[in-house]
Each structure stands twice: as structure tokens, then as C-alpha cells.
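Have a look at the structure below before the remarks.
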Amino acid sequence: MSAPQRERRVGAGNRPNVVDRRRKYWNEPKLGWWESFYLFEVLRGLSITGGVFLRNMKRWMTGKKGALTAYYPEEIRADYAAHNRGKHVLTQRPDGRPQCVACNLCATVCPARVIEIQAGFDPDDPAHPKYPERFEIDYSRCIFCGFCVEACPEDAIRMVRQVPGLPVPDRHPGMWLGKEELLNWQPARDPAKPYPPKPKGGA
Amino acid sequence: MIQDLVVHGVFIGYAVMMLMTVGLILTWVERKQAAILSDRIGANRAYLRIPFTQVKLIWWGLFHGLADGMKMLLKEDWKPDSYDRVAYTLAPWFAFVPVMAVFAVIPFGGELQPGTFFGWFDGPAEWFGERSYAMQVAPLDAGLLVVFALGGIAVIGAMLAGWSSNNKFSLLGAVRAGSQMISYELVIGLTVVGLILIYGTVNLVSIVEQQSGTLFGFIPAWGIFLQPFAAILFLVAAQAENQRIPFDLPEAESELIAGYFTEYSAMKMGLFMFAEFIHIAIIAALFTTLFLGGYNLPYMNDSGFLFPGGFEVALPHVLVVLLQITVFWVKVFLMCGFLILVRWSLPRFRYDQLLRFAWRFLLPLALVNLVVTAIAVWALGGMG
Numbered sequence: 049m050s051a052p053q054r055e056r057r058v059g060a061g062n063r064p065n066v067v068d069r070r071r072k073y074w075n076e077p078k079l080g081w082w083e084s085f086y087l088f089e090v091l092r093g094l095s096i097t098g099g100v101f102l103r104n105m106k107r108w109m110t111g112k113k114g115a116l117t118a119y120y121p122e123e124i125r126a127d128y129a130a131h132n133r134g135k136h137v138l139t140q141r142p143d144g145r146p147q148c149v150a151c152n153l154c155a156t157v158c159p160a161r162v163i164e165i166q167a168g169f170d171p172d173d174p175a176h177p178k179y180p181e182r183f184e185i186d187y188s189r190c191i192f193c194g195f196c197v198e199a200c201p202e203d204a205i206r207m208v209r210q211v212p213g214l215p216v217p218d219r220h221p222g223m224w225l226g227k228e229e230l231l232n233w234q235p236a237r238d239p240a241k242p243y244p245p246k247p248k249g250g251a
Numbered sequence: 071m072i073q074d075l076v077v078h079g080v081f082i083g084y085a086v087m088m089l090m091t092v093g094l095i096l097t098w099v100e101r102k103q104a105a106i107l108s109d110r111i112g113a114n115r116a117y118l119r120i121p122f123t124q125v126k127l128i129w130w131g132l133f134h135g136l137a138d139g140m141k142m143l144l145k146e147d148w149k150p151d152s153y154d155r156v157a158y159t160l161a162p163w164f165a166f167v168p169v170m171a172v173f174a175v176i177p178f179g180g181e182l183q184p185g186t187f188f189g190w191f192d193g194p195a196e197w198f199g200e201r202s203y204a205m206q207v208a209p210l211d212a213g214l215l216v217v218f219a220l221g222g223i224a225v226i227g228a229m230l231a232g233w234s235s236n237n238k239f240s241l242l243g244a245v246r247a248g249s250q251m252i253s254y255e256l257v258i259g260l261t262v263v264g265l266i267l268i269y270g271t272v273n274l275v276s277i278v279e280q281q282s283g284t285l286f287g288f289i290p291a292w293g294i295f296l297q298p299f300a301a302i303l304f305l306v307a308a309q310a311e312n313q314r315i316p317f318d319l320p321e322a323e324s325e326l327i328a329g330y331f332t333e334y335s336a337m338k339m340g341l342f343m344f345a346e347f348i349h350i351a352i353i354a355a356l357f358t359t360l361f362l363g364g365y366n367l368p369y370m371n372d373s374g375f376l377f378p379g380g381f382e383v384a385l386p387h388v389l390v391v392l393l394q395i396t397v398f399w400v401k402v403f404l405m406c407g408f409l410i411l412v413r414w415s416l417p418r419f420r421y422d423q424l425l426r427f428a429w430r431f432l433l434p435l436a437l438v439n440l441v442v443t444a445i446a447v448w449a450l451g452g453m454g
């Protein structure tokens, strides 16, 4: 159907014998007899798109996903790496309170200065009297470097594979995640870092 | 006479309500179908929240059409600095009303005998008596001619809009719309003349009734089997008449912003869009009526089914009426789906290609079809 690949001459004026053998990346826009009749080629195109439609509809109907795109932010993109770290979580003690002792090391090390901690005093817990009253991360500025995780002496802040639900109507407070959001981590659903951590060495 | 008034009032209300609903739903169908056939999910964020609860009805984004309507109603009705006030205001209505009015002559069901609907109540049954009505808003003998007359008015809407908004893009779009719609109206007219020759009438009710028979005893006598070429030509020309891709030259976004309604905003622009979506439904309804046997299933007539071989199933009148209405709308929706599939599959023509296609390709084919049909009808001694 398509015309034979013609060799194009480059700079034919001054270098008549140089032949351009580069690969051509486009099709010859020539219509053959059959294509110029339009109708059957149009029907072929319609059968392709219609077939894709029926295939995807069948997938949706049988409870599978019939699309390549992802619900954002409800769904983690399939092509995110297993070691992608897009969201902070605060780990918890068995009673559900944050493991954080409000030492401010993460806020100090943070190059983007996005962590804000307000320490509080809890007389009922003599082992950990200092706790974060407020722990907020500004995701509009966070650069996801992970220094906060490395700086933490208590393994109180970690990063997980999810992304924060950021499509919000306003930047503030929408893109600030507070203690409540950071604490609702579900360890059972995070295969990257089991919680509580396995004891080191052979136990 | 009061009975006639009541019945036709019901018909009019029903037709307007159904067209509005179908237009609204088609916006959703268009979005979702386009999304699904291109491996996307599609609009799914608008929801209705049941008051005083947190129950959100998303329903696969079905309420995006409502959200669009709200947005168009609440937008500023912006007007250009200099424009022709009267024409500018009238143009959306000239585009919208003829499209709606075409449905007046399309039969959406067979004979209706209102008396039989009130089996348990003697009053209304006696009041309606033996009266019967064709389910059609305006039972005009000139059915098809009315369709073309109203189609001609729609051109005026586009021309008025383009001329009155004092914008070069609008004017270019309007000129394109005018020449395109006139060219393709000619093709539509010629394709349908073949059908008129076969059926011997322009009355849509009797056209549909003639399609409830069979050919050679087993093929349903639908227009698409009698006039396959006319069916294809009609679909192509109707898509062009509707100014949708691949024939959306009047509003080619990459060239003309939005064509003849560039300067329109808010609900005036919404009327143009809505007219386009209702036009899809109208084209589908016309195609159903002319080529797909209208409101009848194969082998079905006003009293029940008559299968080939003489096997007959009689149905009560109420059931027949409901079945006919359902079948009509199912066919219309399938056709709408096909038209939307075409719109999302094909690339746009260039403008010279568009006109050449109409005048040098479709028009001769339509003429040939007409001549062949005329000879066949003459040779067979008038099939209708």
C-alpha cells in the first residue's frame, strides 16, 4: 500500500552524493484505492474504538477496573515504586498515643522547615511526660527528603508508600496535615515496614 | 374535544420532558463513553448529598450534567461590547426551538386508546370512549416535510449568532455553519426521497406502520433493509448537520475558538450546547423512525407479535403501548451511542474536504441511489 521508502538527499546543492539513510518515522500520507473509499476504513476504526469500549465495559461490569488511569488520591498509582515514600506517619504506642516525644529534632533537621511541633506535658505518663500537642507538616513545601525519619531517635516518624490526599480546595489548612491525619496509619496494610518492628538479631 | 386537548397536552409534556432528560443524560453518556473507549475513568466527582446525612450519591458521575446546568445558570451573562441586541438574544432560541420542535412529528408509539387504560374506573373509560390517537405530538400528514422545514430554520440560528456577536471568529463559524448545513441538508433530503418513493407517503406514522411488515416473509421490512445506502448516507449527512466531529468545522476549536457561539456565555451558550445534544437524540429518533422500524420490534404490530410462519402472540393494548414506548427509546439510545462513538473515533475533515465530500461524493451517491430506487419501484409496480 505505502509508497516505497525513497532515499532523501540532504544538501543536494553542495553535496550531491550524500544520501540520508536516517530512518523515517512517519507514514506516507497516500491513500490507496480502498482507503480513499472511506466507508470501510471508517468502519474499521469504529470497530477498534467500539471493541475497546466493549472490552472496558465488560471489565467494569465484572468488577474489574477498565481504565489505565488511577483514582487520585483514593488509589495509589500502580507505577509507584515499592520504595516510594510520599507520606509521613506517626507511629503509635500500644495505647494509641504517639511515640513522639516532641524533641524537635526532625523540625530542626528539616531543610524545608515544614514541621511544626508544639510540645505538651502529660503528668499521667511519667515515662513519657513530653508529647506533641500539635504536630503539623506543610505538604505544600515538603521535599520528601526523609531527613526527619533519619533524625528521629524514637522511630516516631516514618514515611510510607502512599501519597497524602492533597487535591483540596485551599492550601491552608488543606495541605497541612495535623496529628490526627498523621496518626491514622494502618500498620497492617503497610508491607514495607511492619509494626511493631521486628527485634534485631536472632531472638 | 376536551379529550383531544388532554391527550395532546400529555403528549407535549411527555415529549418535552423526555427530550430534556435525554439531552441531559447524553452529556453524561458522551463523557463516560468517551472516557471508557479511551481507557479512562471519566467524570465522577459531582455528587448529590442526601440532606442531613453524609450519604453521597455519586452514581458514576451522573450528576455532572446537573452541575453543568447549575454552573451555566449562575455564570455572568457576559455580552460583547458591540453587538446586535435583538439578533444576539434570539439566536440561541433559533438554534434550540426548531430542534425541539422536530420531535413533534416523530411517532414515539403506535395507536393509543386512552379508554382501555382505565379498566377499573368506568368514568374516564367512558369519557375517552373509543377514541384513539397516534402517539405523536402533531399528527401532520406532511411529517417529513416539517422535519426539513424546521431543519432549515436551525441554519438561521447559527447565522444570526455569528453575525450579531460582532466577532470575526463567530462570523467565520457562522458562514461555515451556513454552507455546511445547507449542503448536507440537500443530501439528507435526497436520501430520504428514496424512502418516500418506496413508502409513497411523507407521513411518519404510516411510514412506521409500513415497516412493521416483512420482506420475503422473514426479514423485517425496515428502511435499513430496503434502503441500506440511504441509511448510511443519511447517518453521515445527519452527523454533518449536527456539526459534530468529523464535521464540526463551524466550531473547530483549534481554528475558531468556539465558532458562531464564541461570544456567548452562561445559559445562552448552554442553550447552544443543549440544542446540540438534543439534536443527537432527534437524529437518532429520525433514523429509528425512517430506517429502524420506529417503535416496533421485528414482527410486532399494534395488536401483538406475528412471527413468520403464522405464529401469533396477542398482547393487551396497555402492554403493547408500554412496549412500543420502551422499544422506541432503547433504539434511540443505541443510535445515540453509535453517533457518539463516531464522534470520538474519527478525526476532523478540512473545510474544503468537507464541502467536496458533500457535493462530489455524497450528492452523486444520493442521486444514484434515488435513480436506482425509482427504477426498482417502477419495475416492481410500486412496493408500497
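Quick mapping for you: the protein sequence lines, in order, are chains B and R. Here the first sequence stands for residues 49 to 251, numbered as in this note's numbering. Here the second sequence stands for residues 71 to 454, numbered as in this note's numbering. Just so it is clear, CB atoms sit at the ideal spot from N, CA and C, and this is done for glycine as well. Note that the structure is predicted; figures quoted are calculated from it, not measured.
- Message: Beta-carbon within less than 6 Å of ARG314 (chain R)'s beta-carbon, same chain only, minus the 5 sequence neighbours each way: which residues are those?
- Response: Closer than 6 Å at Cβ, skipping near neighbours: ARG413.
- Looking at chain B, which residues of the segment 100–119 of chain R have a Cβ within less than 7 Å of any of its Cβ atoms? Of all residues in the segment 100–119 of chain R, GLN103, ILE106, LEU107, ASP109, ARG110, ILE111 have a Cβ within less than 7 Å of some Cβ in chain B.
- Task: Can you tell me the Cβ-Cβ gap for GLY179 (chain R) and TYR365 (chain R), rounded? I've got them flagged as a contact below 8 Å.
- Result: Here GLY179 (chain R) really is in contact with TYR365 (chain R); their C-beta atoms are around 5 Å apart, less than 8 Å.
- Query: Can you check whether the CB of ALA208 (chain R) is closer than 8 Å to the CB of TYR330 (chain R)?
  - Reply: No, these two residues do not count as a Cβ contact at 8 Å.
- Cβ of VAL67 (chain B) less than 8 Å from any chain R Cβ? No, VAL67 (chain B) does not count as interfacial toward chain R.
- Item | Contact with chain R by MET105 (chain B), beta-carbon distance below 8 Å | Yes, because at least one Cβ of chain R sits closer than 8 Å to the Cβ of MET105 (chain B).
- Task: Determine the burial state of THR156 (chain B): buried for a count of at least 16 other Cβ atoms within 10 Å of its Cβ, exposed for fewer.
- Result: With fewer than 16 Cβ atoms within 10 Å of its Cβ, THR156 (chain B) is classed as exposed.
- Given that a residue counts as buried once 16 or more other Cβ atoms are within 10 Å of its Cβ, and exposed if not, what is MET71 (chain R)? In this structure MET71 (chain R) is exposed. Its beta-carbon is surrounded by fewer than 16 other beta-carbon atoms within 10 angstroms.
- Task: Would you list the residues sitting across from TYR203 (chain R) in a DSSP beta bridge?
- Result: TYR203 (chain R) pairs with R:LEU182.
- Roughly how many angstroms lie between the CA atoms of LEU136 (chain R) and LYS401 (chain R), to the nearest whole one? One C-alpha to the other measures close to 25 Å.
- At a Cβ threshold of 8 Å, is LEU276 (chain R) touching chain B? The sequence shown places Ser at residue 276 (chain R), not Leu. For SER276 (chain R), the answer is no, since every Cβ of chain B falls outside 8 Å of its Cβ.
- Query: Any contact of the segment 205–214 of chain B with the segment 114–132 of chain B, i.e. 3+ C-beta pairs under 8 Å?
  - Reply: Yes, they touch.
- Item | Residue(s) in a DSSP beta bridge with THR284 (chain R) | Looking at the DSSP assignment, THR284 (chain R) forms a beta bridge with R:PRO290.
- Task: For ASP138 (chain R), count neighbouring C-beta atoms within 10 Å of its own C-beta (all shown protein chains included) and say buried if the count is 16 or more, exposed if not.
- Result: Buried, by the Cβ-count rule.
- Task: Can you give me, in chain order, the residues of the segment 349–373 of chain R that have a beta carbon less than 9 Å from any beta carbon in chain B?
- Result: Listed by position along the chain: nothing, the set is empty.
- Message: As a quick exercise: from B:PRO177, B:ARG107, B:PHE101, pick the residue whose alpha carbon is nearest that of PRO146 (chain B).
- Response: Residue B:PRO177 is the option with its Cα nearest to PRO146 (chain B).
- Message: Quick check on ARG119 (chain R): does DSSP put it in helix, strand or coil?
- Response: The answer is strand: DSSP assigns ARG119 (chain R) an E or B state.
- Query: Pick from R:VAL99, R:GLU196, R:ASP372, R:VAL278: whose alpha carbon is nearest that of TRP129 (chain R)?
  - Reply: Out of R:VAL99, R:GLU196, R:ASP372, R:VAL278, R:VAL99 has the C-alpha closest to the C-alpha of TRP129 (chain R).
- Item | Three or more C-beta pairs below 8 Å linking the segment 302–318 of chain R and the segment 247–256 of chain R | Segments in contact, yes.
- Query: So PRO162 (chain R) packs on TYR334 (chain R), CB below 8 Å; how close in whole Å?
  - Reply: Going by Cβ atoms, the distance from PRO162 (chain R) to TYR334 (chain R) rounds to 7 Å, so yes, they are a contact pair.
- Can at least three beta-carbon pairs, one atom from the segment 94–111 of chain R and one from the segment 95–106 of chain B, be found at a separation below 8 Å? Counting Cβ pairs under 8 Å, three or more are found: they touch.
- Message: Any beta carbon of chain B sitting closer than 8 Å to that of TRP414 (chain R)?
- Response: Chain B has a Cβ within less than 8 Å of the Cβ of TRP414 (chain R).
- Query: Are any of the Cβ atoms in chain R nearer than 8 Å to that of GLY98 (chain B)?
  - Reply: Closer than 8 Å to some Cβ of chain R, the Cβ of GLY98 (chain B) qualifies, so yes.
- Item | Length of the line joining the Cα atoms of ARG101 (chain R) and LYS106 (chain B) | Cα to Cα, ARG101 (chain R) sits roughly 18 Å from LYS106 (chain B).
- Message: Pull the bridge partners of HIS136 (chain B) from the DSSP assignment, please.
- Response: Its beta-bridge partners are B:MET207.
- Message: With three or more beta-carbon pairs closer than 8 Å as the criterion, would you say the segment 287–305 of chain R touches the segment 196–207 of chain R?
- Response: Segments in contact, no.
- Rounded Cβ spacing between LEU341 (chain R) and ALA165 (chain R) (contact assumed at less than 8 Å): With 8 Å as the limit, LEU341 (chain R) and ALA165 (chain R) qualify as a contact, their Cβ atoms being about 7 Å apart.
- Tell me whether VAL441 (chain R) sits in a helix, a strand or coil according to DSSP, three-state version. VAL441 (chain R) falls in the helix class under three-state DSSP.
- Message: With three or more beta-carbon pairs closer than 8 Å as the criterion, would you say the segment 276–292 of chain R touches the segment 415–431 of chain R?
- Response: Flag = no, the segment 276–292 of chain R and the segment 415–431 of chain R do not touch.
- Query: When we look at the beta-carbon of TYR187 (chain B) and count the other beta-carbons within 10 Å, is it buried (16 or more) or exposed?
  - Reply: TYR187 (chain B) should be labelled buried.
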